[in-house]
Ligand SMILES: Nc1ncnc2c1ncn2[C@@H]1O[C@H](COP(=O)(O)OP(=O)(O)OP(=O)(O)O)[C@@H](O)[C@H]1O
Ligand SMILES: [Mg+2]
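Chains as they are written, first to last, in the working numbering: chain A, 1 to 126; chain B, 127 to 261.
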């Protein structure tokens, strides 16, 4: 089965979703990300969904799960690049994605994760 | 109501759910729906196609570009011969699920459409029809 690639950028993981995922592919991504967070000791996960034309309840639940699991593993998930039409539709669908941090684009998402890393490094030096 | 194009697709696997989304998009563009309206009906189609697969044991979708006077729109009909739904009011309620979902599919699909109807008979199957008109 095909998999969505996960890139490592320092202490962060970057996933760019470029295809319309079927449900098994989404579930596989959730599992792959979880093991990779542990394997590399990631402190942040950036998920770029700017190519996604829709997010339905299944994908929304997957994003929520990834955010919740990564939080338990001491990594922060930021979802970036959600299209305006997708955001409008999600609200009407009834999904608030309240557990998921979002940012406008990859740069701003990275900045969020970077500021958390700096805190982490400062704590380390104490 | 006149129909300018009709298409049918089987819904038997999660790849078919992806195909339903793609075909809904193609025909929503043909019906002249705005980007936001396209996004809404594709999302509703994804919810209903997954229900057809997960609870109805598979089935099919009929997609129609429809005309009513000068109005254009897209109508989608999902049909399965699964177990049916015992209590429709309960199934429509947000948060109700007999699976592992969020229970948002049916209520959400209704909110994302201009027209929504559901018929279900125990032991016979379920049929859900939605439509979205060009604003
Ligand atoms: N085609 C169908 N055949 C039989 N039962 C159905 C069908 N569609 C929906 N149901 C029933 O209605 C319930 C509610 O459906 P709905 O789509 O709102 O939520 P869900 O699928 O459980 O969760 P979600 O869609 O949020 O992932 C389902 O749990 C199921 O019991
Ligand atoms: Mg559902």
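We put the beta carbon where it would ideally sit given N, CA and C, even for glycine.
At a cut-off of 7 Å, the beta-carbon of residue 92/A does not count as near ligand 2: no heavy atom of the ligand is closer than that. Of the other Cβ atoms in all chains shown, fewer than 16 fall within 10 Å of the Cβ of residue 127/B; this residue is therefore exposed.
Judged by pairs of C-beta atoms under 8 Å, the region 93-108 of chain A does not touch the region 128-141 of chain B, as fewer than three such pairs exist. Ranked by how close their Cα comes to the Cα of residue 231/B, the residues 239/B, 220/B, 241/B have 220/B in first place.
Ranked by how close their Cα comes to the Cα of residue 52/A, the residues 89/A, 32/A, 6/A have 89/A in first place. Contact between residue 202/B and residue 171/B holds: their C-beta atoms lie close to 6 Å from each other, under 8 Å. For the region 235-251 of chain B, the set of residues with a beta-carbon nearer than 9 Å to any beta-carbon of chain A comprises 235, 237, 238, in chain order. For residue 230/B, the secondary structure class from DSSP, reduced to helix, strand or coil, is coil. Uninterrupted beta strand (DSSP E) stretches at least 3 residues long and entirely within the region 20-78 of chain A occur at 44-48, given in chain order. A buried status is given to residue 164/B, since no fewer than 16 other beta-carbon atoms sit within 10 Å of its beta-carbon.
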